[in-house]
Amino acid sequence: MTAQTAQTAGPGQDHNPLNPPQTKAVDGVTAARQRWMSVLARTPRTVLETKWADTYSDVKWSHLREPQIGMVMVRGRAGGAGQRFNLGEMTVTRCAVTLSDGTVGHSYVKGRDRLQAQYAALFDAIMLRDGSACDFIDDLAAAQANAKHEHARKVAATKVDFFTLVRGEDE
Amino acid sequence: MYVAVKGGERAINNAHRLLAEQRRGDKKIAEIETDQIEQQLSLSVTRVMAEGSLYDRDLAALAIKQGRGDLIEAIFLMRAYRTTLPRFAFSKPIRTADMDVSRRISATFKDLPGGQILGPTFDYTHRLLDFTLMANSEDPLDAPSGEHPVDENMPRVLDDILNYEGLIQDEPVPVDDTAPVADLTREPIKFPAGRDLRLQNLTRGDEGFVLALGYSTQRGYANSHAFVGEIRYGTVSVEIEPEELGFAIDIGDIELTECETVNKFKGSKTKLPQFTRGYGLVFGQNERKAISMALVDRAMRADEMGEQIMGPAQDSEFVMEHSDNVQSTGFVEHIKLPHYVDFQGELELVRRMRAEVEERLAKLEADEAKSQPEAAE
Numbered sequence: 001m002t003a004q005t006a007q008t009a010g011p012g013q014d015h016n017p018l019n020p021p022q023t024k025a026v027d028g029v030t031a032a033r034q035r036w037m038s039v040l041a042r043t044p045r046t047v048l049e050t051k052w053a054d055t056y057s058d059v060k061w062s063h064l065r066e067p068q069i070g071m072v073m074v075r076g077r078a079g080g081a082g083q084r085f086n087l088g089e090m091t092v093t094r095c096a097v098t099l100s101d102g103t104v105g106h107s108y109v110k111g112r113d114r115l116q117a118q119y120a121a122l123f124d125a126i127m128l129r130d131g132s133a134c135d136f137i138d139d140l141a142a143a144q145a146n147a148k149h150e151h152a153r154k155v156a157a158t159k160v161d162f163f164t165l166v167r168g169e170d171e
Numbered sequence: 001m002y003v004a005v006k007g008g009e010r011a012i013n014n015a016h017r018l019l020a021e022q023r024r025g026d027k028k029i030a031e032i033e034t035d036q037i038e039q040q041l042s043l044s045v046t047r048v049m050a051e052g053s054l055y056d057r058d059l060a061a062l063a064i065k066q067g068r069g070d071l072i073e074a075i076f077l078m079r080a081y082r083t084t085l086p087r088f089a090f091s092k093p094i095r096t097a098d099m100d101v102s103r104r105i106s107a108t109f110k111d112l113p114g115g116q117i118l119g120p121t122f123d124y125t126h127r128l129l130d131f132t133l134m135a136n137s138e139d140p141l142d143a144p145s146g147e148h149p150v151d152e153n154m155p156r157v158l159d160d161i162l163n164y165e166g167l168i169q170d171e172p173v174p175v176d177d178t179a180p181v182a183d184l185t186r187e188p189i190k191f192p193a194g195r196d197l198r199l200q201n202l203t204r205g206d207e208g209f210v211l212a213l214g215y216s217t218q219r220g221y222a223n224s225h226a227f228v229g230e231i232r233y234g235t236v237s238v239e240i241e242p243e244e245l246g247f248a249i250d251i252g253d254i255e256l257t258e259c260e261t262v263n264k265f266k267g268s269k270t271k272l273p274q275f276t277r278g279y280g281l282v283f284g285q286n287e288r289k290a291i292s293m294a295l296v297d298r299a300m301r302a303d304e305m306g307e308q309i310m311g312p313a314q315d316s317e318f319v320m321e322h323s324d325n326v327q328s329t330g331f332v333e334h335i336k337l338p339h340y341v342d343f344q345g346e347l348e349l350v351r352r353m354r355a356e357v358e359e360r361l362a363k364l365e366a367d368e369a370k371s372q373p374e375a376a377e
């Protein structure tokens, strides 16, 4: 993808009032950006910091918005699907950066790590500019998926298997 | 009434230094680190986040350390901290149906699709003290892994199984799903309170209070006989839609516990009977709170269900005005602060009343003394 297409995909999207946000269709470019932003939000600062220092230390950039700590009010739905309600807040840090060519990167990440938010915004900008952190993002995504898979296997070992008991009686 | 007092600064400073010294305890023993609290006292962390109404594990761990393990003090610290932060956004409603579950059980269906997943639970332990923990000889055991991970898409007991036959009431979704959502952190609670406000109040309510009220509904102070349809605990991702982006982004995962209860049915001669619902959702792993919340949520739906109010758990005003432990502790504990002026007033009043009574008694006695000799004659 190119930086141009990705940038126009953001705020320029249709806002159809009949289409609630949950079902809003996103184009492929936005979907790709959503994926890498989600991966970056889950990556510890040290990993991002190291990769940046190793690969992008000569990139010129500036803060468009300094890292800022705030909150997001998390909402739930009664019964999981009914009326919305405010569940409670979570801490979130956001940041926006501009690369020397004008590419703007954004981040919103859980927690209060300003540098994590800053590097997440920088990698967002790099991905928009030339996609050169693609492999890095893929590796992070694979590691996150693997950790999730391993956890889900441990959880699966605690599944009650009634049928095993029945089979045991048969033997 | 509390009247401000001056003075005592040195005593206050010294009291705080003594507090700090006692918090640290015996210096021969290693100081506890907040990381250790975050990892090893994770259920305390969970409770402080839920009732402090701020999801941040590190801050909760710090608050617990600072509060010397007094969780209500820690909750108070979290509440105070959250007032210093700006609110960037409201999340899109989280989807508990998509939760990556660490635990999922149903007390109503044995063989449910996806299975009964026990996860990390105290259930079925013998509640015997484990002295190996005291000897610090606990090996960090690796839990065994199953061959396959748990199912990614677990059907929901109430919506996908019971409701399939229309056996349970739907959760009503307002016609206008973009209507404002009540927020007790911004506006004072007004009655009658909508379900949105009630659920927000319960999820940050004191665990002990909500537990006791939930228990009261089971003991007959609200007849809403409940089964646990489903409990799930795990992580969900949180999404927001920042204005500058114009599309939704995922900002990370939070842990939640959700409980859905199946309650006594409702119907009439012309309406098919259906089970009714109670809902509990809390930050972190806290099943006790989630179940209690669902019981009280159902009890507070009495008006909506046309039920007679028989117990305190059904009285929204009673429940919501007393569930907040920071508010409660503030008012209960403030009576220990100097009330000297106030008390001086009371003291004077009592002294005056006593003097009046004494005077009257003395007069009566004198009258009696006067009349007695006559009677003797």
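Each protein sequence line maps, in turn, to chains A and B.
Going by full-length UniProt numbering, 156 is the number at position 156 of the first sequence; the sequence numbering is gapless.
Going by full-length UniProt numbering, 139 is the number at position 139 of the second sequence; the sequence numbering is gapless.
Cβ coordinates follow ideal geometry from the N, Cα and C atoms, glycine included.
Everything numeric in this text was worked out from a predicted model, so none of it was measured.
Is it true that the CB of residue j sits closer than 8 Å to the CB of residue i?
| i | j | result |
| --- | --- | --- |
| A78 (chain A) | E307 (chain B) | no |
| E31 (chain B) | R24 (chain B) | yes |
| V236 (chain B) | D250 (chain B) | no |
| E260 (chain B) | L158 (chain B) | yes |
| M310 (chain B) | A226 (chain B) | no |
| E207 (chain B) | R82 (chain B) | no |
| Q53 (chain B) | I240 (chain B) | A quick correction: the sequence has Ser, not Gln, at residue 53 (chain B). Going by C-beta atoms, S53 (chain B) is not nearer than 8 Å to I240 (chain B). |
| G214 (chain B) | I291 (chain B) | yes |
| F275 (chain B) | L162 (chain B) | yes |
| G280 (chain B) | D100 (chain B) | no |
| C95 (chain A) | R65 (chain A) | yes |
| Q169 (chain B) | R301 (chain B) | no |
| L59 (chain B) | Q285 (chain B) | no |
| E150 (chain A) | S224 (chain B) | no |
| V350 (chain B) | G82 (chain A) | no |
| M78 (chain B) | V48 (chain B) | yes |
| A182 (chain B) | L197 (chain B) | yes |
| E258 (chain B) | T96 (chain B) | yes |
At what residues does the beta strand (DSSP E) containing residue i begin and finish?
| i | result |
| --- | --- |
| L87 (chain A) | 84 to 99 |
| Y164 (chain B) | Note, Y164 (chain B): premise wrong, no beta strand (DSSP E); not H, not E. |
| K266 (chain B) | 249 to 266 |
| T276 (chain B) | 274 to 283 |
| R65 (chain A) | 61 to 77 |
For the putative contact between residue i and residue j, defined by C-beta atoms under 8 Å, what is the C-beta separation to the nearest angstrom?
| i | j | result |
| --- | --- | --- |
| V282 (chain B) | F76 (chain B) | Rounded, the Cβ-Cβ distance is 18 Å, inconsistent with contact. |
| S328 (chain B) | L202 (chain B) | That pair is no contact at about 15 Å. |
| T185 (chain B) | A299 (chain B) | That pair is no contact at about 24 Å. |
| S100 (chain A) | K60 (chain A) | 4 Å |
| I69 (chain A) | T91 (chain A) | 6 Å |
| V97 (chain A) | S132 (chain A) | About 16 Å separates the two Cβ atoms, so there is no contact after all. |
| A152 (chain A) | P149 (chain B) | 3 Å |
| I64 (chain B) | L41 (chain B) | 7 Å |
| G111 (chain A) | D56 (chain B) | 7 Å |
| A61 (chain B) | I37 (chain B) | 4 Å |
Rank the options by C-alpha distance to the C-alpha of residue i and give the top, closest one.
| i | options | result |
| --- | --- | --- |
| R156 (chain B) | B:I105, B:M134, B:S145, B:K28 | B:I105 |
| V155 (chain A) | B:R204, B:K363, B:G345, B:S102 | B:S102 |
| K51 (chain A) | A:A81, A:A120, A:T91 | A:A120 |
| Q116 (chain B) | B:I309, B:F131, B:A107 | B:A107 |
| T84 (chain B) | A:E89, A:Q34, A:F85 | A:E89 |
| M73 (chain A) | B:F88, B:D70, B:I231 | B:F88 |
| R33 (chain A) | B:L62, B:E368, B:G69, B:G246 | B:G246 |
| V238 (chain B) | B:E255, B:D70, B:S371 | B:E255 |
Can you find the residues in the same chain that come closer than 6 Å, C-beta to C-beta, to residue i, ignoring five residues on each side of it along the sequence?
| i | result |
| --- | --- |
| I72 (chain B) | N325, T329 |
| T43 (chain A) | L140 |
| G267 (chain B) | P273 |
| V53 (chain A) | As written in the sequence, residue 53 (chain A) is Ala, which differs from the Val given in the question. So no residue of the chain qualifies. |
| D161 (chain A) | none |
Hey, quick one: how far does the alpha helix (DSSP H) through residue i stretch, first residue to last?
| i | result |
| --- | --- |
| Q36 (chain B) | 34 to 40 |
| V150 (chain B) | From DSSP, V150 (chain B) is part of no alpha helix (DSSP H); its letter is neither H nor E. |
| D206 (chain B) | Unbroken run through D206 (chain B): none, as it is neither H nor E. |
| S292 (chain B) | 287 to 299 |
| V187 (chain B) | In the sequence as displayed, the identity of residue 187 (chain B) is Glu instead of Val. Segment: none, E187 (chain B) is in no alpha helix (DSSP H) and carries neither H nor E. |
| K148 (chain A) | 134 to 156 |
| residue 386 (chain B) | As shown, chain B starts at 1 and ends at 377. That puts residue 386 (chain B) outside it, with no answer to give. |
| F123 (chain A) | 114 to 129 |
| S328 (chain B) | 325 to 334 |
| D58 (chain B) | 57 to 66 |
Among residues of its own chain, excluding the 5 on either side of residue i, which ones have a beta-carbon nearer than 7 Å to its beta-carbon?
| i | result |
| --- | --- |
| D98 (chain B) | V236 |
| Q144 (chain A) | V39, R42 |
| A193 (chain B) | S316, M320 |
| A117 (chain A) | P67, T93, R94, C95, S107, V109 |
Does the beta carbon of residue i come closer than 8 Å to any beta carbon on chain D?
| i | result |
| --- | --- |
| H106 (chain A) | Of the protein chains in this structure, namely A and B, none is chain D. |
Might you give, ordered along the chain, the residues of its own chain that have their beta carbon closer than 8 Å to the beta carbon of residue i, omitting 5 neighbours on each side?
| i | result |
| --- | --- |
| H16 (chain B) | none |
| F318 (chain B) | P312 |
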